[in-house]
Amino acid sequence: MRTIRVEVSETCFDVAGVTPAVTRESELMLYALLGIPAVVVGFVLLTLGPLGWFLAAFLGIAALGITSLRGDDEKSADGPERVNCPHCGSRTAADDACEYCGEPLE
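In terms of my numbering, the sequence shown is numbered consecutively and its last residue is 193.
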């Protein structure tokens with residue numbers, strides 16, 4: 088099933104209409120609400136000595152591993168492949184010709 092997003096007053100909803108998608112502002116707020124306590128816990132762990140150092144390193148590596156497994160980065164967003172035109176330098180869809188200057192893409 089393909090998901091279509093409709094933007095209504097800066098809030099994106101699924102076509103199914105049940106849950107709103109995350110906006111950029113709410114994503115930043117989520118990072119702040121989770122990031123600040125994580126930094127505080129990290130500093131507390133680092134003050135505990137070798138055991139805290141081990142726990143901080145373990146939790147940091149685990150967080151990085153979970154993030155890499157999720158694969159929710161910007162590169163995985165759906166959409167057409169885009170390239171830079173070698174003639175005018177504009178960002179355009181990877182078709183036969185540039186949308187802006189009309190020159191063929193190589």
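Note that beta-carbon positions come from the ideal geometry of N, C-alpha and C, so glycine has one too.
Keep in mind it's a predicted model, so treat the numbers as computed, not measured.
A straight-line Cα-Cα distance of about 25 Å links GLY129 and GLU112. In the three-state reduction of the DSSP assignment, ALA181 falls in the coil class, being assigned neither a helical nor a strand state. Only buried fits LEU132, as 16 or more other CB atoms lie within 10 angstroms of its CB. Excluding sequence positions up to five before and after ASP183, its CB lies within less than 8 Å of the CB of PRO191, LEU192, all in the same chain and listed in chain order. In the same chain as PRO137, and ignoring 5 residues on each side of it, no C-beta atom comes closer than 6 Å to its own.
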